[in-house]
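Here the sequence shown is numbered in this note's numbering, starting from 900 and rising by one per residue. Where is the CB? At the ideal position from N, CA and C, for every residue including glycine. All figures in this text were calculated on a predicted structure; none of them were measured in a lab. Report on the structure given below.
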Amino acid sequence: MKILVTGGAGYIGSITTEVLIQSGYEVVVLDNLFQGHRAAVHPDAAFVEADLADKPAVEAVFREHRPQGIMHFASRTLVGESMAEPFLYLGENVRNALNLLELAVEYGTERFILSSTANLFDDPEKMPIAETERIVPGSPYGESKFLIERFLHWLQVTKGLRYACLRYFNASGATEERGEDHFPEMHLIPLVLQVALGQRENIRIFGDDYDTPDGTCVRDYIHIADLARAHILALEALTDREALRYNLGNGNGFSVKEVIEVARKITGHEIPAVIDPRRPGDPATLVADSTTIRRELGWEPTYPTLESIIESAWSWHQRHPDGYGDRAKS
């Protein structure tokens, strides 16, 4: 099966591409390299540099490669930025997804996997968060993902496009070959490790007055390789299923302060921390209930602890202190 991976030069897309190829799939990566890295693309994947906003360029990819499945990672993903720049998210994310979906239907693509988000659940009634939890997006970013989920529902009903929405929590960690390198970096674990590497003076904690045990935000961290495996399980399940929605996490919540403390132990560095005001759009606690995907698809995390996740990230960052070596473009 040939799979088109949009955003396949980014963190999650590149590692999912790696796991797809290891599993015997043929992969075409489409990425505009705005946030992605050409060096992160697996050498056995076909690579096309193009933007989803350029529909004729994307159609050329469909015409040449005729993908049977799509994994859609290409997106603007920063919650804080979406609060400041809502049109970028409610406009660009949605329009680009529509371009992709129109071509998927036109060219007979059979399966579509959406990289969705825990930001669908800004104010959950129960914790951990199950798929049955009411959806109240916490930002324009979360709203954009919810709109795409609704498009997929109607395209399944009207056009027969099989789909899976994977709502994941905090993707973290690294494989031997690929890790997390954003510009600017906004994610907690790589930021903490940059302090350990001497690339930052301290780690900033955004708010210590939340209703959590130590006052800092609590999140569920899932290893990137476990996340990638979930995408493949969902792709295979669409052989005889029409629509899937899964929340993906380890089911354990760790506060910002706990993450920093584990990183101190693993790296052997002090990692100074400073307290800053809260950021808009940050819920106090987000923890996934992944019971459904465990039961239905047999998915289980192979990196079940925060220590194992941070150890894999630290190993990669030590070998690649400058990431993929192209941060100058930021």
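What number of angstroms, rounded off, separates the C-alpha of residue i from the C-alpha of residue j?
| i | j | result |
| --- | --- | --- |
| Thr1191 | Glu1141 | 16 Å |
| Leu919 | Pro1182 | 33 Å |
| Lys1156 | Trp1053 | 42 Å |
| Arg867 | Asp950 | Lying before the first or after the last residue shown, residue 867 is absent from the chain, which here runs from 900 to 1229. |
| Val960 | Ala1133 | 24 Å |
| Thr1204 | Glu1005 | 43 Å |
| Lys1228 | Gln934 | A caution first: Lys1228 carries a pLDDT of 46, below 50, which makes its placement in the model too unreliable to give a value. |
| Glu948 | Glu958 | 13 Å |
| Val1108 | Val928 | As written in the sequence, residue 1108 is Asp, which differs from the Val given in the question. C-alpha separation (whole angstroms): 42 Å. |
| Glu1009 | Leu989 | 26 Å |
| Arg962 | Val1094 | 46 Å |
| Gly923 | Gly1106 | 45 Å |
| Ser1214 | Leu1196 | 30 Å |
| Leu1013 | Phe1050 | 11 Å |
| Gln921 | Glu1084 | 28 Å |
| Ile1047 | Leu997 | 8 Å |
Hey, would you say residue i sits closer than 8 Å to residue j, going by beta carbons?
| i | j | result |
| --- | --- | --- |
| Phe1011 | Leu1065 | no |
| Asn1149 | Asp1119 | yes |
| Val1158 | Leu1087 | yes |
| Asp1125 | Tyr1202 | yes |
| Gly1104 | Leu1090 | One point to set straight first is that residue 1104 is Ile, not Gly, in the sequence displayed. Contact flag unset, no. |
| Ala1063 | Thr915 | no |
| Ala908 | His936 | yes |
| Arg1077 | Ser974 | no |
| His1216 | Leu1096 | yes |
| Val1117 | Ser1043 | no |
| Pro1023 | Glu1032 | yes |
| His964 | Lys901 | yes |
| Ile1170 | Arg1177 | no |
Let me make sure I understand the geometry here. Which of the options has the alpha-carbon closest to that of residue i?
| i | options | result |
| --- | --- | --- |
| Thr1111 | Gly1167, Ile1121, His1086, Gly1152 | Gly1152 |
| Ala1187 | Gly935, Gly1072, Ala1073, Pro1200 | Pro1200 |
| Ala1212 | Met982, Leu903, Ser922, Tyr910 | Tyr910 |
| Leu999 | Glu963, Val927, Thr905, His936 | Thr905 |
| Gln967 | Thr1204, Glu1135, Trp1215, Pro1220 | Glu1135 |
| Ala1029 | Ala1017, Ile1121, Leu1126 | Ala1017 |
| Leu1002 | Ala952, Arg1144, Tyr924 | Ala952 |
| Thr1115 | Ile1165, Thr1184, Lys1058 | Thr1184 |
| Glu1034 | Met970, Asp1139, Thr1057, Arg1144 | Looking at the sequence shown, residue 1034 is not Glu but Ile. Minimum Cα distance to Ile1034 is reached at Arg1144. |
| Met970 | Gly1197, Pro1023, Ile1131 | Ile1131 |
| Lys1058 | Asp1022, Gly1007, Tyr1040 | Gly1007 |
| Asp1021 | Ala1162, Glu1160, Phe1045 | Phe1045 |
| Thr1166 | Glu1206, Gly1037, Phe972, Pro985 | Glu1206 |
| Phe1068 | Arg1193, Leu1147, Ser1189 | Leu1147 |
| Leu932 | Pro985, Phe972, Ser1154 | Phe972 |
| Tyr1223 | Phe946, Ile1174, Phe1082 | Phe1082 |
| Trp1198 | Ile1121, Asp1225, Ala1172 | Ile1121 |
Between which two residues does the alpha helix (DSSP H) carrying residue i extend?
| i | result |
| --- | --- |
| Glu1084 | Looking at the DSSP string, Glu1084 is not in any alpha helix (DSSP H), and its letter there is neither H nor E. |
| Lys1156 | 1155-1166 |
| Arg962 | 954-964 |
| Ala1129 | 1123-1136 |
| Gly979 | 978-983 |
| Gly1041 | 1039-1058 |
| His1216 | 1205-1218 |
Return the first residue and the last residue of the beta strand (DSSP E) that residue i is part of.
| i | result |
| --- | --- |
| Leu1143 | 1142-1147 |
| Glu925 | 925-930 |
| Arg1194 | Note, Arg1194: premise wrong, no beta strand (DSSP E); alpha helix (DSSP H) at 1190-1196. |
Does the contact criterion of 3 or more C-beta pairs under 8 Å hold for the segment 936-943 versus the segment 975-991? Pairwise C-beta distances place the segment 936-943 out of contact with the segment 975-991, as fewer than three of them are shorter than 8 Å.
Three or more C-beta pairs below 8 Å linking the segment 1065-1076 and the segment 1207-1222: yes
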